[in-house]
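A.B. asks: One structure, as structure tokens, below. Some questions next.
Protein chains in written order, with my numbering: chain A, 39 to 246; chain B, 39 to 246.
Right, dumping it as structure tokens:
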């Protein structure tokens with residue numbers, strides 16, 4: 039499987055998946071070409087061909103893909119079979135937005151629980167998901183076999199939460215606190231600083 | 039000025055700025071070397087040297103930078119002199135988080151107003167910032183000379199809001215709706231899909 043898939047390809051995979059799964063059973067049991075998918079979705083067929091080739095090896099010249107196999111390959115890539123559990127630490131507005139984000143499900147992620155240290159929030163629910171005390175993080179993640187965590191705490195608490203996630207067995211951390219965190223060995227972290235994203239967008243053409 | 043500054047460099051510039059502006063006046067009127075800054079902040083001096091060279095041409099071998107000039111160059115790059123106004127459309131939890139985000143100020147951004155179409159929200163304030171009806175967007179942005187907009191509405195409304203921002207004179211759009219938007223000519227847009235960011239992080243090493 040192609041490790042170097044682009045975010046553009048990833049953004050289109052749910053489109054293909056939704057289109058293919060919406061086809062009648064008779065067509066799902068037949069073949070479908072990248073060109074036909076491109077036409078149906080109004081996309082460039084070269085682009086669609088490349089996207090599909092990056093997640094499925096089932097394409098054959100002049101025949102296309104066995105539709106059901108292609109659905110399976112895309113779904114597998116997107117992780118639909120996984121329903122990977124995700125925890126979010128920090129229940130401010132940003133953390134709440136993460137618990138309410140419907141789009142995670144399109145990529146096979148299931149945000150199962152929020153954590154905070156504010157006793158007024160602990161024991162409540164947001165979007166049907168329980169809010170637990172952050173002291174429960176390790177036990178929860180180990181019991182539920184959770185390996186993905188999102189950090190939405192203030193900058194001052196972020197490194198500590200990162201370390202606690204590492205101890206809890208989290209392997210992938212997405213950090214939204216505006217501080218560049220480094221994670222222990224064996225853990226993949228992505229620091230998403232929205233201010234920097236905005237600065238890259240709005241300044242890069244301003245500062246000549 | 040270097041247009042190809044990295045996000046890592048951008049993430050460190052506020053550190054340098056805060057350190058330099060905290061120095062006593064006597065040192066601000068003198069010189070300072072990249073090595074001295076690196077030591078004070080516990081950073082690699084080669085990295086600091088490269089960072090500073092990308093935003094200031096004032097560095098001289100064995101002398102370093104005139105401290106006040108360096109402060110000015112970093113501040114100019116970060117846009118502190120600008121206080122660029124930013125509007126946010128979509129006052130769900132994510133939009134509220136944008137109005138409360140303190141880190142924007144570190145990069146010279148000033149989130150001045152939120153917009154929504156929910157009459158229950160219009161007329162209220164979040165973090166001291168007024169919430170206006172989205173029908174006021176064009177008038178507000180033109181009167182206040184606002185050129186930066188953040189989209190935090192649901193997917194179904196995102197393209198319409200993008201078009202309205204373009205008509206309002208917005209030149210830079212940061213989109214958080216989980217849909218890939220294309221902006222009219224002359225407008226720079228960055229689509230930030232958090233699900234895709236998470237998928238890139240958690241799947242790229244999973245899918246071999």
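We treat Cβ as the ideally placed atom computed from N, Cα and C, and that holds for glycine.
Put residue 138/A into one of helix, strand or coil per three-state DSSP.
C.D. replies: Indexing the first chain from 1 puts residue 138/A at position 100. In the structure shown, residue 138/A sits in a helix (DSSP, three-state: H, G or I).
A.B. asks: Quick one: complete alpha helix (DSSP H) runs, 4+ long, within the region 134-202 of chain B?
C.D. replies: With a minimum length of 4 residues, the continuous alpha helix (DSSP H) runs that stay inside the region 134-202 of chain B are 175-182.
A.B. asks: Within the region 50-134 of chain B, note down every full alpha helix (DSSP H) run reaching 4 residues or more, in order along the chain.
C.D. replies: With a minimum length of 4 residues, the continuous alpha helix (DSSP H) runs that stay inside the region 50-134 of chain B are 63-66, 72-79, 83-91 and 105-116.
A.B. asks: Assuming contact is defined by CB atoms lying nearer than 8 Å, are residue 238/A and residue 45/B in contact in what I supplied?
C.D. replies: Residue mapping note: residue 238/A aligns to position 200 of the first chain, counting from 1. Residue mapping note: residue 45/B aligns to position 7 of the second chain, counting from 1. Result yes, Cβ atoms of residue 238/A and residue 45/B sit closer than 8 Å.
A.B. asks: What residue range does the beta strand (DSSP E) around residue 237/A cover?
C.D. replies: Translated into the one-based positions of the first chain, residue 237/A becomes position 199. Note, residue 237/A: premise wrong, no beta strand (DSSP E); alpha helix (DSSP H) at 232-241.
A.B. asks: Quick one: residues in its chain with C-beta nearer than 7 Å to the C-beta of residue 168/A, no 5 flanking neighbours on either side, listed in chain order?
C.D. replies: Translated into the one-based positions of the first chain, residue 168/A becomes position 130. So the list reads 151, once near-sequence residues are dropped.
A.B. asks: Among residues of its own chain, excluding the 5 on either side of residue 50/B, which ones have a beta-carbon nearer than 6 Å to its beta-carbon?
C.D. replies: Stepping through the second chain from its first residue, residue 50/B is reached at position 12. The residues are 89.
A.B. asks: Which residues in chain A sit within 8 Å of residue 48/B, going by Cβ to Cβ distance?
C.D. replies: In the second chain, residue 48/B corresponds to position 10, counting from 1. Within 8 Å Cβ-Cβ: 234, 237 and 238.
A.B. asks: Look at residue 145/A and residue 108/A and say whether their C-beta atoms are less than 8 Å apart.
C.D. replies: Along the first chain, one-based indexing puts residue 145/A at 107. Along the first chain, one-based indexing puts residue 108/A at 70. No, they are not a contact pair.
A.B. asks: On the criterion of 16 or more Cβ atoms from any shown chain inside 10 Å, does residue 202/A qualify as buried, or is it exposed?
C.D. replies: For the purposes of this step, residue 202/A is taken as residue 164 along the first chain, with counting starting at 1. By the neighbour-count rule (16 or more Cβ atoms within 10 Å), residue 202/A is buried.
A.B. asks: Taking just the CA atoms, how far does residue 127/A sit from residue 137/A?
C.D. replies: For the purposes of this step, residue 137/A is identified with residue 99 of the first chain, where counting begins at 1. For the purposes of this step, residue 127/A is identified with residue 89 of the first chain, where counting begins at 1. The alpha-carbon atoms of residue 137/A and residue 127/A are separated by roughly 10 Å.
A.B. asks: For the region 169-201 of chain B, enumerate the residues whose C-beta is nearer than 9 Å to any C-beta of chain A, in chain order.
C.D. replies: Result list: 185, 186, 188, 190, 192 and 193.
A.B. asks: Check whether the Cβ atoms of residue 233/A and residue 142/B sit closer than 8 Å, and answer yes or no.
C.D. replies: Indexing the first chain from 1 puts residue 233/A at position 195. Indexing the second chain from 1 puts residue 142/B at position 104. Contact: yes.
A.B. asks: Where DSSP assigns a beta bridge to residue 212/B, which residues make up the other side?
C.D. replies: Position 174 of the second chain, counting from 1, holds the residue named residue 212/B. Answer by DSSP bridge pairing, in chain order: 188/B and 228/B.
A.B. asks: Given that a residue counts as buried once 16 or more other Cβ atoms are within 10 Å of its Cβ, and exposed if not, what is residue 231/A?
C.D. replies: Reading the first chain from its first residue, position 193 is the one you call residue 231/A. The residue in question, residue 231/A, is buried, as its Cβ has 16 or more Cβ neighbours within 10 Å.
A.B. asks: Along the region 93-126 of chain B, what residues have a CB closer than 7 Å to any CB found in chain A?
C.D. replies: From the region 93-126 of chain B, only 115, 117 and 122 have a Cβ closer than 7 Å to chain A.
A.B. asks: Express the C-alpha separation of residue 188/A and residue 235/B in angstroms, rounding to a whole number.
C.D. replies: In the second chain, residue 235/B corresponds to position 197, counting from 1. In the first chain, residue 188/A corresponds to position 150, counting from 1. Taking the straight line joining both Cα atoms gives about 11 Å.
A.B. asks: On the three-state DSSP scale, how would you describe residue 48/B?
C.D. replies: Walking along the second chain from the start, residue 48/B turns up at place 10. In the structure shown, residue 48/B sits in a helix (DSSP, three-state: H, G or I).
A.B. asks: Going along the region 124-148 of chain B in order, which residues come within less than 9 Å of chain A, judged by CB to CB distance?
C.D. replies: Within the region 124-148 of chain B, the qualifying residues are 124, 130, 131, 132, 133, 134, 135, 136, 137, 138, 139, 140, 141, 142, 143, 144, 145, 146 and 147.
A.B. asks: Give me the chain B residues within the contact set of residue 90/A, using Cβ-Cβ distance strictly less than 7 Å, ordered along the chain.
C.D. replies: The residue you call residue 90/A lines up with position 52 of the first chain. Those within 7 Å of residue 90/A in chain B number zero; the least Cβ separation is about 15 Å.
A.B. asks: List, in chain order, every chain A residue whose beta-carbon is nearer than 7 Å to that of residue 216/B.
C.D. replies: Taking the second chain and counting its residues from 1, one reaches residue 216/B at position 178. The answer, in chain order, is 141.
A.B. asks: When you measure from the CB of residue 233/A to every non-hydrogen atom of the ligand ADP, does any distance come out below 7 Å?
C.D. replies: In the structure shown, the ligand ADP is absent, as is every other ligand, since no ligand is present at all.
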